[in-house]
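Chains as they are written, first to last, in our numbering: chain U, 4 to 423; chain V, 4 to 423.
Reviewing the structure listed below.
Protein chains: 2
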Amino acid sequence: MLIFSRLIDAWLEEKILKAIGRAPIRIVLENGGSVAVPNVAPVATVIIRDRRTLAELCIDPEVGFGDAYADGRIQVEGDLEKFLEAVYESWPNAPAARSWYARLTSKSMDLWQANTLSGSRRNIHRHYDLGNDFYKLWLDAQMLYTCAYFPTPSATLEEAQTAKMDHVCRKLRLQPGETVVEAGCGWGALSLHMAREYGVSVKAYNISHEQILFARERARQEGLNGQVEFIEDDYRNISGKFDVFMSVGMLEHVRADRYAEFGEIIHRSIGDTGRGLLHFIGRSQEASFSRWIRKRIFPGANAPALRRALEIFEPRNYAVLDIENLRLHYAKTLEHWLDRFEHSQQQVAAMYDARFVRAWRLYLAGSMAAFRTGSLQLFQVVFAGSRSEPLWWTRASLYAEPEIEIEKIDEKKRWMHAMS
Amino acid sequence: MLIFSRLIDAWLEEKILKAIGRAPIRIVLENGGSVAVPNVAPVATVIIRDRRTLAELCIDPEVGFGDAYADGRIQVEGDLEKFLEAVYESWPNAPAARSWYARLTSKSMDLWQANTLSGSRRNIHRHYDLGNDFYKLWLDAQMLYTCAYFPTPSATLEEAQTAKMDHVCRKLRLQPGETVVEAGCGWGALSLHMAREYGVSVKAYNISHEQILFARERARQEGLNGQVEFIEDDYRNISGKFDVFMSVGMLEHVRADRYAEFGEIIHRSIGDTGRGLLHFIGRSQEASFSRWIRKRIFPGANAPALRRALEIFEPRNYAVLDIENLRLHYAKTLEHWLDRFEHSQQQVAAMYDARFVRAWRLYLAGSMAAFRTGSLQLFQVVFAGSRSEPLWWTRASLYAEPEIEIEKIDEKKRWMHAMS
């Protein structure tokens with residue numbers, strides 16, 4: 004029996020070394036042996052409680068690791084962030100490198116979590132309706148749950164979220180009196196900001212019940228409920244004509260096989276004369292989101308390759324005007340979120356349990372590692388209809404102070420006149 | 004016979020009305036009838052000399068019009084630029100809208116002009132080796148034959164071409180001592196600018212014999228021949244390792260089915276740690292270049308849909324950091340070129356003939372109309388390898404004055420330190 008057990012250990016060891024590639028990690032089986040890539044100083048030690056966990060890891064590393072970490076059956080000694088970065092750096096993106104089991108369950112997960120109208124509602128409910136009190140513990144004061152824009156790396160999270168809202172509004176050169184539709188509005192901060200600071204009218208869609216209630220209450224308190232309408236409905240039911248289509252952090256919930264339909268919805272809303280912005284988590288190469296994240300945290304989530312996302316615009320002849328990659332800003336945003344989350348862990352544990360705390364720590368730290376290592380990217384895409392007016396002459400005005408901004412608008416009028 | 008001829012006229016008239024769509028154009032057949040879209044004031048009148056020309060127009064409008072205009076068998080009375088804009092606005096992009104003849108000859112043109120190593124040399128020779136004296140008549144003093152960057156619309160062409168060179172260098176944050184490979188270097192201005200102003204070493208490739216001779220002579224005169232090497236060879240033969248891959252206005256000569264190979268060449272040159280920039284004429288939707296332009300002016304030319312161009316980066320996991328659309332700057336650049344060309348038309352006619360002058364006028368004015376109407380776009384794509392250092396924190400420094408730029412570099416060091 005001892006021989007048999009040693010044979011299994013040797014086989015498992017070989018599987019694990021293959022899975023971690025050249026990652027500087029030491030893996031220890033409690034009451035058993037340890038594995039590490041030779042001649043590399045490990046950044047962290049992974050302690051695996053038992054052979055069952057080890058076996059699960061071998062069959063399905065992504066879900067196996069996440070579940071075991073949440074359960075406490077796996078512990079990471081040392082720097083969790085550096086450990087996750089090392090994993091992302093050595094983990095191949097290509098689906099072919101995954102185990103047959105992972106590939107099979109990824110497919111069935113796709114079907115199970117299909118973002119049909121009712122499927123989307125179920126998926127969104129599971130994540131966003133965890134309770135506003137939970138998100139208040141670690142998001143900024145205005146509750147923005149998307150990548151911030153840090154004018155300098157030392158900006159606070161609150162400053163950076165406000166700067167992000169201004170960044171997207173200025174990219175679209177919102178003008179007073181214009182109409183905007185926002186697809187997926189979270190807790191409503193951006194819709195309210197656009198109305199308050201840029202004088203536009205906004206119709207905002209979201210299928211998270213808790214978020215819509217929160218947003219409506221805030222609009223009432225700010226006296227903006229005449230200017231901003233929060234609608235509890237799916238983006239596929241958007242109706243009306245608008246000057247601008249805005250969507251920050253919702254494309255992640257749209258499956259790639261629905262991009263043509265998404266493009267149709269945009270076109271139905273702003274036609275050939277409008278303009279818009281999509282802000283979304285993407286990738287350099289096609290790959291699925293971590294199956295553990297899709298299973299336990301974020302059902303139905305998808306981060307497309309940039310090329311794939313352009314399928315939204317091409318059939319309707321939308322011109323891409325500007326794409327900015329802000330992955331380092333998402334890493335920084337997650338750094339703030341994780342820090343606040345760690346400071347609130349006792350409250351989170353009291354609201355849920357220790358397992359929930361560990362799962363969310365892994366999710367936040369893992370996402371940060373993914374953005375730091377470039378496994379995930381954050382894209383802002385500005386696009387315009389084939390018969391829209393030019394938006395800007397150069398992007399310089401986007402980086403000028405607001406005083407200079409006004410001069411630039413005059414300058415814009417001047418050159419538009421000069422061109423005609 | 005009269006009845007027969009009237010029947011033909013009626014049939015041709017119907018075909019033409021279909022072809023011009025709703026364009027505000029009046030078409031007159033010399034010694035015959037005239038056709039115009041009802042209730043629209045025409046911006047120009049097209050005078051067609053004879054029935055043969057009319058028939059050619061119907062069979063193959065693109066090549067038929069270009070050839071007849073160059074021959075003088077078609078004249079445009081009124082505003083040629085406005086006429087061409089009207090044509091582009093009413094002309095559908097979709098190949099399905101083209102005649103069977105156009106589709107058939109487009110395919111055979113693809114084969115005939117295939118950019119094999121020898122095919123490319125033939126194609127490039129036909130366009131770029133027309134003689135430096137010809138291009139000197141209407142390009143800027145440094146001979147840049149690509150879209151300029153106008154900090155303001157009133158900048159001169161010389162200022163705008165220098166600003167373009169700085170714009171691409173600053174986007175890549177070239178540092179003294181780095182190595183750059185330039186694929187398709189024209190008359191060498193950018194390579195010399197990078198070496199002189201940014202202190203980098205450059206290896207520059209071009210298969211146009213006349214351009215390489217010109218560039219080498221300029222490097223010698225400026226004493227930069229130790230720092231810049233001009234190589235008369237195809238980009239597919241690029242050898243060596245570099246920090247940066249730069250290509251401004253060459254992708255138009257690479258067929259889309261060779262993008263994977265192009266990505267391989269980039270990867271061979273800069274690996275996973277380098278960065279690069281592609282500047283190219285593109286589109287919002289897939290379509291072929293005007294067949295007349297490919298037949299008479301620019302053999303082997305191709306302007307890809309942006310999505311298609313991203314096929315270069317995706318297989319090698321290059322991250323897209325920044326995409327800027329500068330189509331209005333190309334329209335402005337062409338405005339300057341056309342103006343200078345018109346002022347030199349007697350010299351051009353003396354070098355070639357009146358037919359050549361008309362053909363090039365149509366090419367320049369038609370390209371301007373295509374960029375003005377959005378039928379063509381100009382993209383600058385900054386990309387970086389999966390293991391490259393971050394290039395910037397925000398794009399703000401790109402728009403700051405050089406004095407501030409230095410502070411920003413310190414700032415960059417600071418946050419890179421802060422992140423580690």
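Glycine included, every Cβ here is placed at the ideal spot set by N, Cα and C.
Minimum Cβ-Cβ distance from residue i to chain U less than 7 Å
i, result
"V/Glu17", "no"
"V/Gln164", "no"
"V/Gln288", "yes"
"V/Arg310", "yes"
"V/Asn305", "no"
"V/Val171", "no"
"V/Ala372", "no"
"V/Pro393", "yes"
"V/Gly377", "yes"
"V/Ala3", "Because chain V is modelled from 4 through 423, residue 3 of chain V falls outside the range shown and cannot be assessed."
"V/Ala368", "no"
"V/Ala151", "no"
"V/Leu281", "no"
"V/Glu267", "no"
"V/Thr336", "no"
"V/Gln380", "yes"
"V/Leu331", "yes"
"V/Leu313", "yes"
"V/Glu200", "no"
For residue j and residue i, believed in contact at Cβ under 8 Å, the rounded distance
i, j, result
"V/Leu379", "V/Arg330", "7 Å"
"U/Val31", "U/Ile50", "5 Å"
"V/Val323", "U/Leu309", "5 Å"
"V/Gly2", "V/Asp275", "Nothing can be reported for residue 2 of chain V, as the shown portion of chain V is limited to 4 through 423."
"U/Val251", "U/Thr336", "Not confirmed; about 13 Å, so no contact."
"U/Arg398", "U/Asp342", "Incorrect: roughly 32 Å between the Cβ atoms, too far for contact."
One or two residues paired with residue i in a DSSP bridge
i, result
"V/Ser204", "V/Thr182"
"U/Ile51", "U/Leu32, U/Ile77"
"U/Ser250", "U/Leu281"
"U/Gln380", "U/Gly285"
"V/Val323", "V/Phe386"
"U/Phe233", "U/Ala207"
Closest residue to residue i among the options (Cα-Cα distance)
i, options, result
"V/Asn228", "V/Asn240, V/Leu195, V/Lys244, V/Val247", "V/Leu195"
"U/Phe245", "U/His270, U/Gly252, U/Asp260", "U/His270"
"U/Thr182", "U/Asp342, U/Tyr91, U/Phe248", "U/Phe248"
"U/Thr48", "U/Ala58, U/Leu87, U/Ser293, U/Asp342", "U/Leu87"
"V/Met197", "V/Ser93, V/Leu140, V/Pro179, V/Asp82", "V/Pro179"
"U/Leu147", "U/Lys167, U/Pro156, U/Pro154", "U/Lys167"
"U/Leu140", "U/Phe374, U/Pro393, U/Glu345", "U/Glu345"
"U/Asp82", "U/Ala222, U/Val46, U/Gly69, U/Leu60", "U/Val46"
"U/Gln349", "U/Glu84, U/Val43, U/Phe137", "U/Phe137"
"U/Arg299", "U/Trp14, U/Lys21, U/Ala13, U/Phe68", "U/Phe68"
"V/Trp14", "V/Leu60, V/Gln214, V/Ala44, V/Glu220", "V/Leu60"
"U/Gly202", "U/Leu216, U/Phe217, U/Asp169, U/Ala218", "U/Asp169"
"V/Ala89", "V/Tyr72, V/His130, V/Gly134, V/Val43", "V/Val43"
Any C-beta of chain V under 7 Å from that of residue i
i, result
"U/Pro27", "no"
"U/Tyr402", "yes"
"U/Gly388", "no"
"U/Val323", "yes"
"U/Asn320", "yes"
"U/Asn240", "no"
"U/Glu59", "no"
"U/Ala399", "yes"
"U/Ile326", "yes"
"U/Leu32", "no"
"U/Ala99", "Because the pLDDT at U/Ala99 is just 42, under 50, the model does not fix this residue reliably, and the point stays unresolved."
"U/Glu317", "yes"
Practice problem: Report yes or no: do three or more beta-carbon pairs, one from the stretch 277 to 290 of chain V and one from the stretch 306 to 326 of chain U, lie closer than 8 Å? | Solution: yes
Quiz item: Is the stretch 181 to 198 of chain U close to the stretch 348 to 366 of chain U, with three or more CB pairs under 8 Å?
Solution: no
Quiz item: Quick one: any contact between the stretch 201 to 212 of chain V and the stretch 223 to 236 of chain V, if contact means 3 or more CB pairs under 8 Å?
Solution: Taking 8 Å as the limit for Cβ pairs, the verdict is that the stretch 223 to 236 of chain V does touch the stretch 201 to 212 of chain V.
Self-check item: the stretch 325 to 344 of chain V contacting the stretch 37 to 47 of chain V, beta-carbon criterion three pairs below 8 Å
Solution: No: fewer than three Cβ pairs fall under 8 Å.
Quiz item: For the stretch 345 to 361 of chain U against the stretch 39 to 56 of chain U, are there 3 or more C-beta pairs whose distance is under 8 Å?
Solution: no
Practice problem: Assess, as a yes-or-no matter, whether the stretch 269 to 285 of chain U is touched by the stretch 382 to 398 of chain U under the definition of 3 or more beta carbon pairs within less than 8 Å. | Solution: yes
Quiz item: When the Cβ atoms of the stretch 147 to 163 of chain U are set against those of the stretch 257 to 267 of chain U, are three or more pairs found closer than 8 Å?
Solution: no
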